[in-house]
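Given below as structure tokens:
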């Protein structure tokens, strides 16, 4: 019975994240710094998307840029929370192709 338990534990996958990889190589401080850097990257990307989408929507529908950016953020938040990641990925691919095309 002990062999079965050990075999089952060996087949389980460990969750690997940026924080755990940084902790393994750089220690606890490295893990904390990597986490803060990753959160900052996500936050700055979100702000950049909101600002630029606000400018684009301002030119299309003539709403002020802050309102347009907030509208875009609200719509994208609903897309992610209601329809999930597959639909979000499809919309993101379409928007990226449209941006490249223009």
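Residue numbers (our numbering): 2 to 103. Ideal Cβ placement from N, Cα and C applies to all residues, glycine included.
Assumed close pair residue i, residue j - CB separation to whole angstroms, cut-off 8 Å
i          : j          : result
residue 31 : residue 52 : Residue 31 to residue 52, Cβ: 31 Å. No contact.
residue 61 : residue 73 : With a Cβ gap of about 11 Å, residue 61 and residue 73 do not count as contacting.
residue 80 : residue 92 : 6 Å
Alpha-carbon to alpha-carbon, residue j and residue i
i           : j          : result
residue 55  : residue 97 : 16 Å
residue 22  : residue 90 : 27 Å
residue 42  : residue 48 : 10 Å
residue 77  : residue 28 : 37 Å
residue 85  : residue 26 : 34 Å
residue 82  : residue 24 : 31 Å
residue 104 : residue 50 : Lying before the first or after the last residue shown, residue 104 is absent from the chain, which here runs from 2 to 103.
residue 16  : residue 63 : 47 Å
residue 102 : residue 94 : 12 Å
Span of the alpha helix (DSSP H) around residue i
i          : result
residue 65 : It is not in any alpha helix (DSSP H) - residue 65 carries neither H nor E in the DSSP assignment.
residue 97 : 85-102
Reference residue i, options the options, closest by Cα
i          : options    : result
residue 34 : 44, 19, 15 : 19
heavy atom of the ligand FAD below 7 Å from residue i C-beta
i          : result
residue 31 : The ligand FAD is absent from the structure shown, which contains no ligand whatsoever.
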